[in-house]
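The letter at position 87 of the sequence shown is residue 88 when you use my numbering, and the numbering goes up by one with no holes. Don't be surprised by glycine CBs; every beta carbon is placed ideally from N, CA and C.
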Amino acid sequence: MQKIANYIDGSLQEPTSNNYLENINPAIGKVYSLCPDSDETDVELAYQAAKAAFPEWSNMSANNRSKILLKLADLIEQNIDKLAIAESIDQGKPVWLAKLGEIPRAVENIHFFATAIEHFASESHSMGSHAINYTLRTPIGVVGCISPWNLPLYLFTWKIAPALAAGNCVVAKPSEVTPMTAYLFSELCIEAGLPKGVLNIVHGLGGKVGSAIVAHPGISVISFTGGTKTGAEIARVAAPMFKKLSLELGGKNPNIIFADCNFDKAVAESVRSSFSNQGEICLCGSRIFIEKPIYEKFKAAFIEKSKAMKVGNPLLDDTKIGAIASQLHFDKVLGYIDLAKEEGGTILLGGHPVKLDGENADGYFIAPTIIEGLAYNCRTNLEEIFGPVVTLTPFETQEEVLEMANATQYGLAATVWTENLNTAHHMAAQIKSGIVWINCWLLRDLRTPFGGMKQSGVGREGGWEALRFFTEQKNVCIKF
Ligand code: NAD
């Protein structure tokens with residue numbers, strides 16, 4: 002059976018304990034590879050390697066760092082097919098989705114920050130004829146990057162790329178649920194000639210490897226993407242150590258459909274924003290609010306289109322919904338469907354696991370699920386489900402839908418469908434979320450600030466924000 006290795010000090014290494022975790026293919030429900038069950042000893046080795054690599058990497062010209070990172074981006078691009086298949090097997094997503102969106106986006110992430118660093122500048126503040134201030138922005142040192150299982154290589158590179166481009170060395174931990182593409186990525190780092198120790202990837206459990214990274218006194222920056230509960234635990238440990246923190250956490254995003262919307266577009270994109278990647282995208286719109294005059298019409302069209310989505314083997318091109326990433330998550334999503342029923346919801350579509358034939362018979366598949374008739378403030382409508390499950394709720398006025406949309410502890414993303422400019426601006430201003438999409442969904446410009454309000458996170462990723470996060474500022478004031 003294939004053994005995944007840690008990537009420490011430029012080489013592929015076994016965990017010091019020699020212990021491994023079983024890595025499961027969720028579409029067949031069976032172990033298909035082994036993931037290092039690393040611990041704080043491996044994190045310490047990774048830290049020491051990163052610390053030793055820091056002086057040279059941080060002093061290298063931005064142009065030379067950029068060249069190495071661009072080579073890495075090229076290598077990912079050359080290996081898109083292999084990486085997409087690996088991502089699909091590891092995570093359960095349709096392979097075409099990985100090929101079309103996620104792996105190319107990993108290339109873009111690295112390309113974007115590798116070129117951005119060549120244009121990154123800092124400010125100066127003149128005090129007229131008697132003084133000038135200039136702000137230095139320098140790499141910080143060894144930083145920790147921890148990522149989740151839903152978009153494995155995409156989110157991993159989204160953190161690592163700006164950290165490395167800015168001149169830091171990294172100790173990174175991918176999710177133990179989906180370690181494969183981070184491992185394949187480490188092979189590409191070696192091929193690209195990334196100097197040893199600059200990036201170290203330690204595989205294993207959150208409670209062992211992740212917590213050792215967060216608690217390490219030498220790692221003064223933590224960039225984390227994952228659940229809100231884990232984010233709170235990381236903040237609890239990191240805050241008294243005065244670590245710089247970026248937390249990208251959960252969401253429960255509203256998708257608001259006004260009667261004057263472009264109906265066909267709103268329906269088609271709502272199907273995508275509900276069920277892409279089995280609904281396992283933090284930006285999916287899981288609460289659909291529909292203006293009353295078109296509620297029944299939208300409901301019928303939305304159900305019809307969703308019904309047509311084939312749940313199947315992720316490796317087949319006509320599969321629209323693949324496997325849920327793990328047994329644990331599969332049980333959690335089904336538990337929420339039961340809760341919705343208990344809370345009085347009516348299941349309009351799905352609401353059950355899907356049993357496939359052949360080798361997929363034990364895979365973790367759930368039918369796209371549409372529920373109506375729930376109060377906007379019941380648990381089903383307030384808690385993150387993170388699966389192919391959405392609720393439909395009618396509304397009458399803008400104020401009413403704003404109250405419902407803003408009712409959760411989360412504030413990551415929102416989508417609004419309207420052809421009325423005033424409505425669009427009003428909603429964009431009043432919705433409490435870090436991202437608002439009007440008449441589109443998941444349209445991303447990597448220069449824009451990415452992140453959430455309230456319990457969806459702290460800080461923003463993307464563009465200059467990310468490079469600022471991964472650098473230390475120092476103001477120098479010179480009196481003439
Ligand atoms: P998770 O919080 O369980 O795990 C995320 C990562 O943290 C994993 O690598 C895990 O091993 C590690 N971890 C777990 N406990 C830790 C600890 N005590 N200390 C340090 N690290 C620890 O999240 P998940 O289930 O992997 O991912 C799903 C969640 O991620 C959802 O809530 C989703 O909304 C969120 N998410 C957010 C964004 C965003 O950009 N805001 C993007 C993707 C996913």
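Residue j beta carbon less than 7 Å from that of residue i
i: E420; j: D319; result: no
i: C170; j: A51; result: yes
i: N382; j: R288; result: yes
i: P105; j: S148; result: no
i: K72; j: A193; result: yes
i: A408; j: Y377; result: yes
i: V199; j: V210; result: no
i: V108; j: A74; result: yes
i: A326; j: P27; result: yes
i: T370; j: G346; result: no
i: G452; j: E249; result: yes
i: I322; j: F264; result: no
i: Y337; j: I282; result: no
i: N110; j: W159; result: yes
i: L1; j: T182; result: This structure leaves residue 1 out entirely; the chain is present only between 2 and 481.
i: G219; j: V143; result: yes
i: I9; j: L35; result: no
Whole-angstrom distance between residue j and residue i, CA atom to CA atom
i: L246; j: K306; result: 41 Å
i: H112; j: F121; result: 14 Å
i: R469; j: K230; result: 26 Å
i: A341; j: V178; result: 27 Å
i: P16; j: F396; result: 54 Å
i: G286; j: H353; result: 20 Å
i: W465; j: S18; result: 40 Å
i: E373; j: P389; result: 15 Å
i: E103; j: V459; result: 24 Å
i: S89; j: K480; result: 59 Å
i: E292; j: L357; result: 37 Å
i: C441; j: W418; result: 8 Å
i: G313; j: N256; result: 26 Å
i: D91; j: I223; result: 25 Å
i: Q474; j: S59; result: 15 Å
i: A425; j: K298; result: 22 Å
i: P180; j: I436; result: 29 Å
i: L185; j: L84; result: 7 Å
i: T42; j: I214; result: 11 Å
i: Q328; j: Y365; result: 6 Å
i: N151; j: G359; result: 25 Å
i: L284; j: G129; result: 47 Å
Cβ separation of residue i and residue j, assumed to be a contact under 8 Å, to the nearest whole Å
i: L413; j: G252; result: 3 Å
i: V1; j: V172; result: In the structure as shown, the chain starts at 2 and stops at 481, and residue 1 therefore has no counterpart that could be examined.
i: A132; j: C478; result: 6 Å
i: D363; j: I29; result: 6 Å
i: L195; j: I118; result: About 15 Å; that fails the 8 Å criterion.
i: K433; j: M454; result: 5 Å
i: D38; j: L22; result: 5 Å
For residue i, the three-state DSSP class (helix, strand or coil)
i: E119; result: coil
i: Q431; result: helix
i: W442; result: coil
i: F243; result: coil
i: V143; result: strand
i: M181; result: helix
i: E344; result: coil
i: R461; result: coil
i: H199; result: According to the sequence as given, residue 199 is Val; it is not His. Of the three classes helix, strand and coil, the one that applies to V199 here is coil, per DSSP.
i: W150; result: coil
i: Y365; result: coil
i: G93; result: coil
i: E385; result: coil
Distance cut-off 6 Å: residue i Cβ against heavy atoms of ligand 1
i: F470; result: no
i: I325; result: no
i: E234; result: yes
i: G435; result: no
i: C283; result: yes
i: P149; result: yes
i: V143; result: no
i: F276; result: no
i: G286; result: no
i: T492; result: There is simply no residue 492 to check, as the chain begins at 2 and stops at 481 in what is shown.
i: F387; result: yes
i: T215; result: Per the sequence shown, residue 215 should be read as Val rather than Thr. Yes, the Cβ of V215 comes within 6 Å of a heavy atom of ligand 1.
i: S212; result: yes
i: G228; result: yes
i: G412; result: no
i: S39; result: no
Any non-hydrogen atom of ligand 2 within 6 Å of residue i CB
i: E249; result: Here the bound small molecules are ligand 1; ligand 2 is not part of this structure.
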